Structure formats: C-alpha cells, structure tokens
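Shown next as structure tokens:
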C-alpha cells in the first residue's frame, strides 16, 4: 500500500569538509487523492525531499540545504527555512535532541526530521577512517562503548583496538555483557 525509499550518500569535499546527503521518496502503488490538495497517480511521489549537510571533521554542521521536490500540502515548503537552525549543531550525543529543539513539532517537517535523525549514522560511516582513529591524547575512539559490538569488553574491540580492550573510564564495576552471560549459561552447574 505504501513504499518509502530513503538513501544516504557521503562525500569528502576538496576543501576538507564533508557533504552528507539524504533523500526520502514516498509513493503508493495506486492512485489516491488528498481532499483539497489533488490526485497522485500510482508511483507518483507524494513526498520527495532531499537534505545536504556540510560537516567539518568534528561533525559540526557548517551548512545545510533542503529541497522539497514533491509534497502534499501547500504550506510544506515553509519548513525549509527553519532547517538553518541546525547550523552549528554537532552530530553526536544529543543530535536527536537538537533536532527536536530546533525543528520539533510545528517548527518543522516530520519527514525532514526523520531524514536528519539517521543522517548522523551516515556521516559516521562516511567519516569512519577519521572517526575510527584513536585520538592523539590516548583516549578511546568516540564510537567505543556505544553499542554491543563496540563494547570495551567485546571480542571486536579486542581485535581492532587491543589497547582499549577492557578499558574503563572509572574503576566502578560494569554489568555483565551478553556474551559473558551466554557463556555463563552454557557452563554446567556444579
């Protein structure tokens, strides 16, 4: 009844900045009408929106462009100008909160917000060679400790970043990890 296609692309620019592009395309396999707005034929996009965010190496938004090529309601393009509020924000911890703060509710467009949410992941993957390098100050890369695979105690961290395997930001104890729990469950009871 409905198809949504979302695609992200990332590029390193000649000036050392990064462009991350997101595109959203909604269509239906049948014709439909929205009262007072018009008729859409089968496959015709009801939403077709694109965002390009320019980032520096610290993942700070330096510029943003948004375009609505197809939209269902006449006021929709009014949500484009508020996108500029994202300039100066950083993709990382608090990214979704910043989106909601600057573009949430009637300040912006639901679909543009949805594109922005996952744009941080696309940026991270695009900038991985830079992001995955340990900082010069000896701290672990920012992505360690943020998911199961990159847990400080995971076999992946042991293999890729042995110097940070079992690293702790503080001496406080940490919960058992899923693979440790699975190993415990597999051991026969005494």
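Numbering (the numbering used here), first residue to last: 1 to 190. C-beta atoms are modelled at their ideal positions from N, C-alpha and C, and glycine is treated no differently. Just so we're clear, the structure is a prediction, and the values are computed from it rather than from any experiment.
query	result
C-beta atoms of residue 109 and residue 79 nearer than 8 angstroms	yes
Heavy atom of the ligand GTP within 7 angstroms of residue 53 beta-carbon	As presented, the structure is devoid of all ligands, the ligand GTP included, so that no description of it is given.
Alpha carbon of residue 40 to alpha carbon of residue 71, nearest angstrom	11 angstroms
Among 77, 154, 119, nearest to residue 247 - alpha-carbon criterion	Only positions 1 to 190 of the chain appear in the structure, and residue 247 is not among them; the question remains open.
Residue 59 burial status per 10 Å Cβ neighbour count (16 or more: buried)	buried
Cβ pair residue 87, residue 61 closer than 8 angstroms	yes
Under 8 angstroms between C-beta atoms of residue 167 and residue 140	yes
Host alpha helix (DSSP H) of residue 117 (start-end)	110-126
Cβ neighbours of residue 25 in the same chain (closer than 6 angstroms, five flanking residues each side left out)	5, 45, 48
For residue 9: DSSP bridge partner residues	21
Cutoff 8 angstroms; reference residue 37; Cβ partners in own chain excluding five residues on either side	72, 73, 74
Endpoints, alpha helix (DSSP H) assigned at residue 144	Looking at the DSSP string, residue 144 is not in any alpha helix (DSSP H), and its letter there is neither H nor E.
Residue range of the unbroken beta strand (DSSP E) whose run includes residue 192	No answer is possible for residue 192: the residues shown for the chain start at 1 and end at 190.
Rounded distance between the beta-carbons of residue 19 and residue 54, thought under 8 angstroms	6 angstroms
CA nearest to the CA of residue 22, picked from 143, 93, 123	123
Cβ-based neighbour list, residue 138, same chain, cut-off 6 angstroms, excluding 5 preceding and 5 following	none
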